[in-house]
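> Taken in order, these protein sequences are the chains called A and B.
By the count of the numbering used here, the first sequence reaches residue 148 at its end, each step adding exactly one.
By the count of the numbering used here, the second sequence reaches residue 1148 at its end, each step adding exactly one.
The C-beta atom is built at its ideal place from N, Cα and C for all residues, glycine as well.
Protein chains: 2
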Amino acid sequence: MSKNPETPVFTISTAATLLGISIPTLRMYEKEGLIVPFKKESNQRLYSQTDLDRIRCIRETINKDKISIAGIKRILSMIPCWDILRCTEQDRINCLAFKEHTNPCWDYNHTTGICGTKNCRECDVYLNFAECSKIKSHFISITLNRNS
Amino acid sequence: MSKNPETPVFTISTAATLLGISIPTLRMYEKEGLIVPFKKESNQRLYSQTDLDRIRCIRETINKDKISIAGIKRILSMIPCWDILRCTEQDRINCLAFKEHTNPCWDYNHTTGICGTKNCRECDVYLNFAECSKIKSHFISITLNRNS
DNA sequence: GATACTTGATAATTATAAATATCAAGTTCT
DNA sequence: AGAACTTGATATTTATAATTATCAAGTATC
Chain A
1 MSKNPETPVF TISTAATLLG ISIPTLRMYE KEGLIVPFKK ESNQRLYSQT DLDRIRCIRE
61 TINKDKISIA GIKRILSMIP CWDILRCTEQ DRINCLAFKE HTNPCWDYNH TTGICGTKNC
121 RECDVYLNFA ECSKIKSHFI SITLNRNS
Chain B
1001 MSKNPETPVF TISTAATLLG ISIPTLRMYE KEGLIVPFKK ESNQRLYSQT DLDRIRCIRE
1061 TINKDKISIA GIKRILSMIP CWDILRCTEQ DRINCLAFKE HTNPCWDYNH TTGICGTKNC
1121 RECDVYLNFA ECSKIKSHFI SITLNRNS
């Protein structure tokens, strides 16, 4: 049971071993806001299979595609969360994620709107854009379906 | 006369001096596909005032925002040129700029469609997105106006 | 026709991002 | 209680992106 790939089961050391990287690197990705691992009450991190896949994708973008972390953050900041979550205009006005373009939306402490009640780790915006290549195809479908 | 900021008037050495950078750097940006300077019949480059502004913006993104050139290219590749130029479906099928997400559209040698007849340097897609921060706001207006 | 530019290409340099090592202190778990 | 983890933080190392220097050959300009 619990074959659910979203379930957080790996400690940071096993995650690091599985990924072939060091523990500080994992902490660094988190500090930069690229990943949102599960946290136990004791503040201990746990990673799911989906988390590992996401981190592999991030590493490929950094190491193979040569896109810096700041670049990845700006790309992720373009995900139209306001559209996906159907924010109200009032929500948008108060939302740094909407106004800025430096960090993914899950980097901000949302207190108002839909995001105020959500856990980013379980949010569609976070879950559906693990691969940043998906962002362009999302915009493609928006533009192509607009006038249908 | 010719106060038009689009007119190519600066040689590469004066452009480099005005920008405070070296000539090889300017050639590098061009080789990477970030800029498309005017070229005389003799292959000599000329830069306009708009070109200089664009290059300043690129430099700020690289040096201040810490976004790598590969990152800028991926961001620029997300500009919905197919939507701006109203490409046909047939155009899109043949278009690398539509399918890939590594280079801005003006990096590809278009032979078919609207782009086949255009000079990228004078294209709306190139001209309107000198600042890559404009891309997100473009998507904002698309998503917000969609259901109006 | 001579001086000062340009071209592309390669090599060397500089800057800095990404990753790791190490630390003291606090948890987890048998 | 003790062995093996965890936490955050700082310092260091490594990798490599960004920039510049230099070259021979061609072009512009006076």
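#1: Using beta-carbon positions only, say whether Leu52(A) and Leu19(A) come within less than 8 Å of one another.
#2: Using the beta-carbon count (16 or more within 10 Å), is Pro5(A) buried or exposed?
#3: Just mark Thr1088(B) as buried or exposed, buried being the case when its beta carbon has 16 or more other beta carbons within 10 Å.
#4: My guess is that Val1125(B) and Cys1095(B) are in contact by the Cβ rule of under 8 Å, so how many angstroms apart are they, rounded?
#5: Measure from the alpha carbon of Lys73(A) to the alpha carbon of each residue in Lys31(A), Ser137(A), Ile21(A), then state which is nearest.
#6: At which residue ranges does the stretch 70-119 of chain A contain complete alpha helix (DSSP H) runs of 4 or more residues, listed in the order of the chain?
#7: Hey, does His1101(B) have any beta-carbon neighbour from chain A nearer than 8 Å?
#8: What does the Cβ neighbour count give for Gly116(A), buried or exposed, with the cut at 16 atoms within 10 Å?
#9: Count the C-beta pairs between the stretch 61-69 of chain A and the stretch 134-141 of chain A that are closer than 8 Å, then say yes if the count reaches three, no if not.
#10: Are Ile1055(B) and Leu1085(B) close, meaning C-beta to C-beta below 8 Å?
#11: So, does the CB of Lys66(A) fall closer than 8 Å to a CB anywhere in chain B?
#12: Assign Phe1038(B) to one of three DSSP states: helix, strand, or coil.
#13: Could you tell me whether the Cβ of Ala70(A) comes closer than 8 Å to any Cβ of chain B?
#14: Taking Asn1128(B) as part of the alpha helix (DSSP H), name the residues at either end of that continuous run.
#15: How about Gly33(A) and Asp91(A): do their beta carbons lie closer than 8 Å?
#16: Against chain A, which members of the stretch 1125-1143 of chain B pass a CB distance test of less than 9 Å?
#17: Using a Cβ cut-off of 7 Å, pull out every chain B residue sitting near Asp107(A), in sequence order please.
#18: Where Lys1079(B) and Glu41(A) are concerned, what is the direct C-alpha to C-alpha distance, given to the nearest angstrom?
#19: Decide if Ser1068(B) is buried, meaning its Cβ has at least 16 other Cβ atoms within 10 Å, or exposed.
#20: Would you kindly report the start and end of the unbroken alpha helix (DSSP H) that includes Phe1010(B)?
#21: Could you name the residues of chain B that Ile23(A) contacts, counting a contact when the two beta carbons are closer than 9 Å?
#22: Are Ile75(A) and Ile1075(B) closer than 8 Å when you measure CB to CB?
#23: Tell me where the alpha helix (DSSP H) around Arg1121(B) begins and ends.
#24: Using only the alpha-carbon positions, how far apart do Leu1127(B) and Ile1035(B) sit?
#25: Which residues bound the alpha helix (DSSP H) around Asn1043(B)?
#26: Using beta carbons (cut-off 8 Å, strictly below), is Asp53(A) in contact with chain B?
#27: Could you work out which residues of chain A lie near Asp1083(B), taking near to mean beta carbons separated by less than 7 Å?
#28: What residue does the alpha helix (DSSP H) around Arg54(A) start on, and which one ends it?
Checking against the coordinates, here is how it stands:
#1: Taking the first sequence and counting its residues from 1, one reaches residue 52(A) at position 52. Taking the first sequence and counting its residues from 1, one reaches residue 19(A) at position 19. For Leu52(A) and Leu19(A), yes; Cβs fall inside 8 Å.
#2: Position 5 of the first sequence, counted from the first residue, corresponds to residue 5(A). Exposed, because fewer than 16 other Cβ atoms sit within 10 Å of the Cβ of Pro5(A).
#3: Translated into the one-based positions of the second sequence, residue 1088(B) becomes position 88. Exposed, since its Cβ has fewer than 16 Cβ neighbours within 10 Å.
#4: Taking the first residue of the second sequence as position 1, residue 1125(B) is located at position 125. Taking the first residue of the second sequence as position 1, residue 1095(B) is located at position 95. Not really, about 12 Å apart at Cβ, beyond 8 Å.
#5: Residue mapping note: residue 73(A) aligns to position 73 of the first sequence, counting from 1. Of the listed residues, the one whose Cα sits closest to Lys73(A) is Lys31(A).
#6: 81-84, 89-93, 96-99, 113-117
#7: Within the second sequence, residue 1101(B) is the residue found at index 101, counting from 1. Yes - at least one Cβ of chain A is within 8 Å of the one on His1101(B).
#8: Stepping through the first sequence from its first residue, residue 116(A) is reached at position 116. Gly116(A) should be labelled exposed.
#9: no
#10: Locating residue 1055(B) in the second sequence gives position 55, counting from the first residue. Locating residue 1085(B) in the second sequence gives position 85, counting from the first residue. Going by C-beta atoms, Ile1055(B) is not nearer than 8 Å to Leu1085(B).
#11: Within the first sequence, numbered from 1, the residue matching residue 66(A) stands at position 66. Yes, contact with chain B.
#12: Along the second sequence, one-based indexing puts residue 1038(B) at 38. Of the three classes helix, strand and coil, the one that applies to Phe1038(B) here is strand, per DSSP.
#13: The residue given as residue 70(A) occupies position 70 in the first sequence. True, the Cβ-Cβ gap to chain B drops below 8 Å.
#14: The sequence position of residue 1128(B) within the second sequence is 128, counting from 1. 1124-1128 is the span of the alpha helix (DSSP H), which, as asked, contains Asn1128(B).
#15: Translated into positions along the first sequence, residue 33(A) becomes position 33. Translated into positions along the first sequence, residue 91(A) becomes position 91. No, the Cβ-Cβ distance between Gly33(A) and Asp91(A) is not below 8 Å.
#16: Cys1132, Ser1133, Ile1135, Lys1136, Ser1137, Phe1139, Ile1140, Ile1142, Thr1143
#17: The count along the first sequence starts at 1 and reaches residue 107(A) at position 107. Under the 7 Å cutoff, chain B gives no residues; its nearest Cβ is about 15 Å from Asp107(A).
#18: If you number the second sequence from 1, residue 1079(B) lands on position 79. If you number the first sequence from 1, residue 41(A) lands on position 41. Residue 1079(B) is actually Ile in this sequence, not Lys. Whole-angstrom Cα-Cα distance: 43 Å.
#19: Looking up residue 1068(B) in the second sequence gives position 68. Buried: at least 16 other Cβ atoms inside 10 Å.
#20: As a working note, residue 1010(B) is residue 10 in the second sequence. Where Phe1010(B) is concerned, there is no enclosing alpha helix (DSSP H), given that its DSSP letter is neither H nor E.
#21: Along the first sequence, read from residue 1 onward, the residue named residue 23(A) stands at position 23. By Cβ distance, chain B contributes nothing, its closest Cβ being about 24 Å from Ile23(A), past 9 Å.
#22: As a working note, residue 75(A) is residue 75 in the first sequence. As a working note, residue 1075(B) is residue 75 in the second sequence. Contact flag set, yes.
#23: Taking the first residue of the second sequence as 1, we reach residue 1121(B) at position 121. No alpha helix (DSSP H) contains Arg1121(B), which DSSP labels as neither H nor E.
#24: Within the second sequence, numbered from 1, the residue matching residue 1127(B) stands at position 127. Within the second sequence, numbered from 1, the residue matching residue 1035(B) stands at position 35. So the two alpha carbons sit approximately 11 Å from each other.
#25: Taking the second sequence and counting its residues from 1, the one referred to as residue 1043(B) is at position 43. Premise fails: Asn1043(B) is in no alpha helix (DSSP H) and is neither H nor E.
#26: In the first sequence, counting from the first residue as 1, residue 53(A) sits at position 53. Not one chain B Cβ lies under 8 Å of Asp53(A).
#27: In the second sequence, the residue the question calls residue 1083(B) occupies position 83. What Asp1083(B) touches in chain A: Thr143.
#28: Numbered from its first residue, the first sequence carries residue 54(A) at position 54. Element bounds for Arg54(A): 49-63.
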